[in-house]
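Student:
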Amino acid sequence: MNKVLIIGAGGAGLRSAISAHKNGAEVTVISKSYPTRSQTCMAQGGINAARGENDSVEHHIADTLRSAHGVASQEAIAILCENASTEIEFLDSIGVPFSRDKSGEITQRKLGGASEARACYAQDFSGLKILHTLYDHCNKLGIKFINEHYLINLSVQNKKVFGGNFLDMQTGVTKHIEADAIILATGGYSKIYQKHSTNSAGTTGDGVAVALRAGASISNMEFIQLHPTALKNSSVLISESARGAGGYLVNSKGDRFTNELAPRDEVARAIHNEIESGSDVFLDIRHLGEEFIDENLPQERKLAKLYEGVDPIVDLLPIKPAAHYSMGGIEVNLECETNVKNLFAVGECANHKVHGANRLGGNSLLELMVFGSIAGESAAHSSSVSPEHKTTTQFESDRNFIEGIKHFTNQIDFYEKREFISNIFYNNVGLVRNDAGLKAVLAAIRQIQMEIPFMGPVDKSMHYNTNLVEFIEFGNMVELAEVILVSAISRHESRGAHFRDDIPESKDEMYATDLKVWREEGILCADFVGKTDDN
Amino acid sequence: MIIKVLRYTKEGGEREAFIEYDVQLENPTLLQALAFIKTKIDPTLSFSSGCASSICGSCSMRVNEVEKLACSYKVKDGDKITALKNMSRIRDLVVNMEESHSKNIKAKAYSEIFTSLQISQADAKINELQSDCILCGSCYSACPVFDTNSEFMGPFSLTRVFRYIFDPRENSGTKKIQNIQSHGVWDCTLCGECTLVCPMGISSKDDISALRSKSNIAGFMDPNFSAGALDFGAPTF
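From first to last, the protein sequence lines are chains A and B. The opening residue of the first sequence carries number 1155 in our numbering; numbering runs sequentially from there. The opening residue of the second sequence carries number 161 in our numbering; numbering runs sequentially from there.
#1: Taking 7 Å as the cut-off, is the C-beta of residue 378(B) nearer than that to any heavy atom in the ligand MN?
#2: According to DSSP, what are the bridge partners of residue 1320(A)?
#3: With distances taken from CA atoms, which of 1388(A), 1261(A) and 1349(A) is nearest residue 1463(A)?
#4: Please identify, using Cβ separations under 8 Å, the residues of the segment 1298–1329 of chain A that lie next to chain B, in order along the chain.
#5: Measuring CA to CA, which of 1335(A), 1684(A), 1222(A) and 1480(A) is closest to residue 1174(A)?
#6: Quick one, which of 1210(A), 1228(A), 1203(A) and 1320(A) has its alpha-carbon nearest residue 1552(A)'s?
#7: How would you label residue 383(B), buried or exposed, when you count the other beta carbons within 10 angstroms and need 16 or more for buried?
#8: Check this for me: beta carbons of residue 1529(A) and residue 1337(A), under 8 Å apart or not?
#9: Hey, how far is the Cα of residue 1227(A) from the Cα of residue 1522(A)?
#10: Taking only beta carbons into account, state which residues of the segment 1245–1273 of chain A come closer than 9 Å to chain B, listed in chain order.
#11: Let's test the definition: count the other Cβ atoms within 10 Å of the Cβ of residue 1662(A) and tell me whether it reaches 16, buried, or not, exposed.
#12: With residue 1251(A) and residue 287(B) assumed to form a contact (beta carbons below 8 Å), what rounded beta-carbon distance in angstroms separates them?
#13: Going along chain A in order, which residues have a C-beta closer than 9 Å to the C-beta of residue 281(B)?
#14: Quick one, which of 238(B), 199(B) and 279(B) has its alpha-carbon nearest residue 330(B)'s?
#15: Do residue 1532(A) and residue 1485(A) have their C-beta atoms within less than 8 Å of each other?
#16: Does any residue of chain B have a CB that is nearer than 8 Å to the CB of residue 1190(A)?
#17: Measure the C-alpha to C-alpha separation of residue 1443(A) and residue 374(B) and round it to an integer number of angstroms.
#18: Determine whether the beta carbon atoms of residue 1394(A) and residue 1266(A) lie at a separation below 8 Å.
#19: Helix, strand or coil for residue 1411(A) per DSSP?
#20: Using a Cβ distance threshold of 8 Å, determine whether the segment 301–313 of chain B contacts the segment 241–253 of chain B, with at least three qualifying pairs required.
#21: For residue 312(B), is the classification buried or exposed, using 16 other Cβ atoms within 10 angstroms of its Cβ as the cut-off for buried?
#22: Pull up the DSSP beta-bridge partners for residue 1402(A), would you.
#23: Is residue 1350(A) buried or exposed, if buried means 16 or more other CB atoms sit within 10 Å of its CB?
#24: In chain B, what lies closer than 8 Å to residue 1293(A) by C-beta?
#25: How many Å lie between residue 1511(A) and residue 1284(A) at the Cα?
#26: Does the distance from the CB of residue 1636(A) to the CB of residue 1596(A) come in under 8 Å?
#27: May I ask you to report which of helix, strand or coil DSSP gives residue 1510(A)?
#28: Using a Cβ-Cβ cutoff of less than 7 Å, which residues in the same chain neighbour residue 293(B) once the five nearest sequence positions on both sides are dropped?
#29: With a cut-off of 8 Å, does the C-beta of residue 1441(A) fall near any C-beta of chain B?
#30: Taking the CB atoms as reference points, tell me whether residue 1610(A) and residue 1223(A) lie closer together than 8 Å.
#31: On the DSSP bridge assignment, give the partners of residue 330(B) in chain order.
#32: Considering only the beta carbon of each residue, do residue 1312(A) and residue 1548(A) sit closer than 8 Å?
#33: At a cut of 8 Å, does the segment 1197–1206 of chain A reach the segment 1272–1292 of chain A through at least three beta carbon pairs?
#34: To be precise: take each residue of the segment 1382–1416 of chain A, compare its Cβ to all Cβ atoms of chain B, and keep it if any distance is under 8 Å. Which residues remain?
#35: Roughly how many whole angstroms lie between the Cα atoms of residue 1340(A) and residue 357(B)?
#36: Would you call the CB atoms of residue 1216(A) and residue 1238(A) closer than 8 Å?
What follows is the structure, encoded as structure tokens:
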């Protein structure tokens, strides 16, 4: 029986756990928080599956492919869309309370970029209810959870992973946990944008940075989706379903200025242009009426009142685009395996080649279900041959790092640097980019990398030290920031979420492909797959 | 604005003290105030947070002895902030939720045998509210039963059981009801403290009442009555 260790307990981790368990593995799910606190609970809009009378898997594939702007895998998208209905039926069978129509069928709504109403939903709590139901089902299966353990690094020998090293946050002890196969399900990296992100505090790209350090390739890191409608002051997300239901985007004059249901990159840029021209931008859902809003968008109303002091039934909602989703991530094949043996990745931390340069709403919950199922099965059946004499070098180094925190001098405040990075990223590595801006930010990031030894946690306690965890998260974000910048600078074109005002056109002959990044002897390498070799 | 936070540590023996912080922010949420303290005044302050949108359940704590989500509470001058009750404290405002979560397993808060994929719109409404639970633990903290009875399954686990038992797709007969007889529905005093503090507007008290009725229909009785604990005398004819 394979010992499968799943790192991360959001939707992708839990779906993988259920699948690995079904395939006979001994499963442990480990995470830095508790399972139901992960980013998945924030997904509101729904989960796509072609089920309607006029819809078809082919339409779903075509929409996804179009939105990906030429950098996705047709094969992967076909797997995603063909398995969608099966996953909806699985969720239904374990008790996800999907919203229903009058005939008792699961009802669907239209999200941006979709040719049909395709997203199955549970009011605007779709992610919450899917995540909690998956958690309850894991409890039924007796899956083992280890909570509040922070991943520091993976232990790898001869390009084969055999365990992970974790900080037990409650005791401060560094632990090595062995496994035959490891699935990274650690989420995205949009929290680099901090207060300009809709994401949860923990979405710091830990797994992606760890995978890069462990010798895995990562790809398409420059494609970061900014959601068009976050509340202006708090970056709290207002779901696309508000526009799907007929909400308008208006400027300060009260005029509509874009097609509200275009793909997210287009809508977000249209909003950006309005804001740049000195206008405010608002979401107007007043005409939908109180009854409809309370029935379908209850969470939106509550959040708008609380964070912006406005009631969408009578007021306009002030909004701005905010970093929302990382399309890029750990490079995986169709079985979700990375280029490190027995190491798998799934969900937002992985690049499953289905979102390409711009993700469609309703496809991320679907991705973690479909590929979670595949990752669990792959990991359960992966070859369980571990190295005979396991090296302890990585573990010792990780333990020494944790024990050495008391020697960090903290002459430079990393929280200040974290805020600084978030601002320069939002302004220069956001919706509109250019060579000069990207290179200036890269110079700033390289400077911060030099300064890291002069930072560190002020808190020297070994006991639930969140200051320490946030410092390591900061280190991971700085590492990924460099990769994002190198990727964005290398991609001399505009494509989907990566828009450059110095090169506004796409250059398919050069760049209609994945940009892969990896480390060789510590040096960061980048290559457009299948393009540069051919030249 | 001055807020008082009950700091707590187990290192070198258990100690606790209210510490006052001057928060220089305009009309902040409590979570924004705590983040301000951590990043600008004292990085050793420990608390949990996640989504900052009232949906992940990480930042539940008590303000002036009432459970709140820090991200959805506008903090006021003089507020006293403490950790949740009925769970062991780890550090400052962070508690260990393992034990409370283990009650979900004990209560078997999951689907057993689901049949039929079609359910009516009205039937889908039955457990809509109960499935809004974010597992923040506010109800568990507010529940007075734990003062004397640590075995009680607690409000959120029973609400989760309600969610599955009352789902029209559940088809496991009385098995699930039987499982919540001991340390379950009858241990509740129906005081309603849980209802008052739920950030999602769920009433575990009402759910437990409904589960009691369901238990009665299934032939189970309140043990407080059946064991002769309350004997009003049998009528004679």
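Here a beta-carbon is modelled for each residue, glycine too, at the ideal position from N, C-alpha and C. These numbers come from a predicted model, not from an experiment.
Tutor: Checking against the coordinates, here is how it stands:
#1: The ligand content of the structure shown is nil, which means the ligand MN is not present either.
#2: Start at 1 with the first residue of the first sequence, and residue 1320(A) comes out as number 166. 1305(A) and 1329(A).
#3: Within the first sequence, residue 1463(A) is the residue found at index 309, counting from 1. Selected option, being the one with the closest Cα: 1388(A).
#4: 1301 and 1324
#5: Against the first sequence, residue 1174(A) aligns to sequence position 20. Looking at the Cα atoms, 1335(A) is the closest of the given residues.
#6: For this step, residue 1552(A) is matched to residue 398 along the first sequence. Taking only the C-alpha atoms, the option nearest residue 1552(A) is 1320(A).
#7: Numbered from 1 along the second sequence, position 223 holds the residue referred to as residue 383(B). It is exposed - the Cβ of residue 383(B) has fewer than 16 other Cβ atoms within 10 Å.
#8: Start at 1 with the first residue of the first sequence, and residue 1529(A) comes out as number 375. Start at 1 with the first residue of the first sequence, and residue 1337(A) comes out as number 183. Contact: yes.
#9: For the purposes of this step, residue 1227(A) is identified with residue 73 of the first sequence, where counting begins at 1. For the purposes of this step, residue 1522(A) is identified with residue 368 of the first sequence, where counting begins at 1. Looking at the two C-alpha atoms, the distance is approximately 17 Å.
#10: 1246, 1247, 1248, 1249, 1250, 1251, 1252, 1253, 1254, 1255, 1256, 1257, 1258, 1259, 1260 and 1261
#11: Reading the first sequence from its first residue, position 508 is the one you call residue 1662(A). It is exposed - the Cβ of residue 1662(A) has fewer than 16 other Cβ atoms within 10 Å.
#12: Counting from one through the first sequence, the residue named residue 1251(A) turns up at place 97. Counting from one through the second sequence, the residue named residue 287(B) turns up at place 127. Between residue 287(B) and residue 1251(A) the Cβ distance is about 6 Å, and since that is below 8 Å, they are a contact.
#13: As a first step, residue 281(B) must be located in the second sequence, where it is residue number 121. Under the 9 Å cutoff, chain A gives 1253, 1254, 1255, 1256, 1257, 1258 and 1261.
#14: Within the second sequence, the letter at position 170 stands for residue 330(B). Taking only the C-alpha atoms, the option nearest residue 330(B) is 279(B).
#15: Along the first sequence, read from residue 1 onward, the residue named residue 1532(A) stands at position 378. Along the first sequence, read from residue 1 onward, the residue named residue 1485(A) stands at position 331. The answer is no: Cβ separation not under 8 Å.
#16: Here residue 1190(A) refers to the residue found at position 36 of the first sequence. So, interface residue.
#17: Stepping through the first sequence from its first residue, residue 1443(A) is reached at position 289. Stepping through the second sequence from its first residue, residue 374(B) is reached at position 214. Taking the straight line from one Cα to the other gives about 37 Å.
#18: As a working mapping, residue 1394(A) is identified with position 240 in the first sequence. As a working mapping, residue 1266(A) is identified with position 112 in the first sequence. In contact: residue 1394(A) and residue 1266(A) (Cβ atoms closer than 8 Å).
#19: The residue you call residue 1411(A) lines up with position 257 of the first sequence. Correct three-state label for residue 1411(A): coil.
#20: yes
#21: As a working mapping, residue 312(B) is identified with position 152 in the second sequence. It is buried - the Cβ of residue 312(B) has at least 16 other Cβ atoms within 10 Å.
#22: What you label residue 1402(A) is simply residue 248 of the first sequence in a count that begins at 1. The partner list for residue 1402(A) (beta bridge, DSSP) reads 1438(A).
#23: Taking the first sequence and counting its residues from 1, the one referred to as residue 1350(A) is at position 196. So residue 1350(A) counts as buried.
#24: Here residue 1293(A) refers to the residue found at position 139 of the first sequence. By Cβ distance, chain B contributes 264, 265, 269 and 270.
#25: Working through the first sequence from its first residue, we reach residue 1511(A) at position 357. Working through the first sequence from its first residue, we reach residue 1284(A) at position 130. Roughly 26 Å separates the two Cα atoms.
#26: Counting from 1 along the first sequence, the entry for residue 1636(A) is found at position 482. Counting from 1 along the first sequence, the entry for residue 1596(A) is found at position 442. In contact: residue 1636(A) and residue 1596(A) (Cβ atoms closer than 8 Å).
#27: Mapped onto the first sequence, residue 1510(A) falls at position 356. It is coil, neither helix nor strand.
#28: As a working note, residue 293(B) is residue 133 in the second sequence. 316, 319, 320, 360 and 362, listed in sequence order.
#29: Position 287 of the first sequence, counted from the first residue, corresponds to residue 1441(A). It does not; no Cβ of chain B falls within 8 Å.
#30: Counting from one through the first sequence, the residue named residue 1610(A) turns up at place 456. Counting from one through the first sequence, the residue named residue 1223(A) turns up at place 69. No. Outside cutoff.
#31: Counted from its first residue, the second sequence places residue 330(B) at position 170. According to DSSP, residue 330(B) bridges with 274(B).
#32: Residue 1312(A) sits at position 158 when you count from the first residue of the first sequence. Residue 1548(A) sits at position 394 when you count from the first residue of the first sequence. Not closer than 8 Å, so no.
#33: yes
#34: 1388, 1390 and 1391
#35: As a first step, residue 1340(A) must be located in the first sequence, where it is residue number 186. As a first step, residue 357(B) must be located in the second sequence, where it is residue number 197. The alpha-carbon atoms of residue 1340(A) and residue 357(B) are separated by roughly 32 Å.
#36: In the first sequence, counting from the first residue as 1, residue 1216(A) sits at position 62. In the first sequence, counting from the first residue as 1, residue 1238(A) sits at position 84. In this structure, residue 1238(A) does not lie closer than 8 Å to residue 1216(A) by Cβ.
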